[in-house]
Amino acid sequence: MWVEISKEMEVIIEKKALLFKRTKEEVVKTALEEYLKKEIPIYISAPINALVEGLYEEDTLISDIKKRGDFGIGTFNNLDGEMVMLGGEVFQLLANGKVKIADDSMQTPFSCVTFFKADAGEEVRGEYDYQQFNELLDKCIPSKNMLYSIRIVGLFKYVRTRSVPKQDNYRPLVEVAKEQPEFVYKDIRGTMVGFYNPSFISSVNVPGYHFHFLSEDF
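Taking the numbering used here, the leading residue of the sequence shown gets -3, the next gets one more, and so forth.
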């Protein structure tokens, strides 16, 4: 593989090679290894407790969160549907059950995104109720004191999802949830996009497992 670099970067590499008495190739190799080992941050655009209290309008653009990740979940201003970010594309899951690609000019009051990179994987078969599913996931994560991004792709025998109807600002989320439309799907292929969040950050993000679902044929 051959990569073109700027003159400025070439000078920096030469200086590092002289300083550490190494070849330029060794300097580049070490720098790349260190960069690729870096942990990928999870970006949260606003605290979840603000959304819970009814603050449904922020000025964070969809184009902004795309710079922070290619995978994630959230909602849109005025709670206008659920958000799924997958493969760098942002989808709007509307209250009528339809899905559309979100425009970059749209805004979000809450989103949680990251650049997804799987560090581990499991193949799962069988049927699980909600509690069993959570117990299964518990066995897959090393610690409950860390944040994890989780992607589950497969054929699902039964999936129940919900969305949220568009709202004016300041109406508490607990009231809105009483009117949420729910959808049931059977034998459907799709992707669960979500995160595990430890309980000590409950004011920042939903504690525990939090997933949104996007069907393969959305």
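Cβ atoms here follow ideal geometry from the backbone N, Cα and C, with glycine treated the same way.
- Per DSSP, D99 is not a residue of any beta strand (DSSP E), being assigned neither H nor E.
- Restricting attention to beta strand (DSSP E) runs no shorter than 3 residues, the stretch 36 to 72 encloses them at 67 to 71, ordered along the chain.
- Pairing V48 with F106, the inter-Cα distance amounts to about 10 angstroms.
- Per the C-alpha coordinates, the member of T26, F196, F111 and T56 positioned closest to N74 is T56.
- 9 angstroms or more divides the Cβ of F67 from the Cβ of S159.
- One Cα belongs to G93, the other to F179, and the distance between them is close to 7 angstroms.
- Between the alpha carbons of N165 and D125 lies a distance of about 35 angstroms.
- Rounded to the nearest whole angstrom, the CA to CA distance from V149 to M188 is 6 angstroms.
- For K182, the beta-bridge partners assigned by DSSP are Y154.
- Nearest Cα to E119 within the set E10, K11, R147 and D76: R147.
- Taking the CA atoms as reference points, L28 sits about 15 angstroms from E0.
- Here N141 is exposed. Its C-beta has fewer than 16 other C-beta atoms within 10 Å.
- For T19, same chain residues with a beta-carbon under 8 angstroms away, outside a window of 5 residues either side, are A13 in chain order.
- Restricting attention to beta strand (DSSP E) runs no shorter than 3 residues, the stretch 115 to 171 encloses them at 144 to 158, ordered along the chain.
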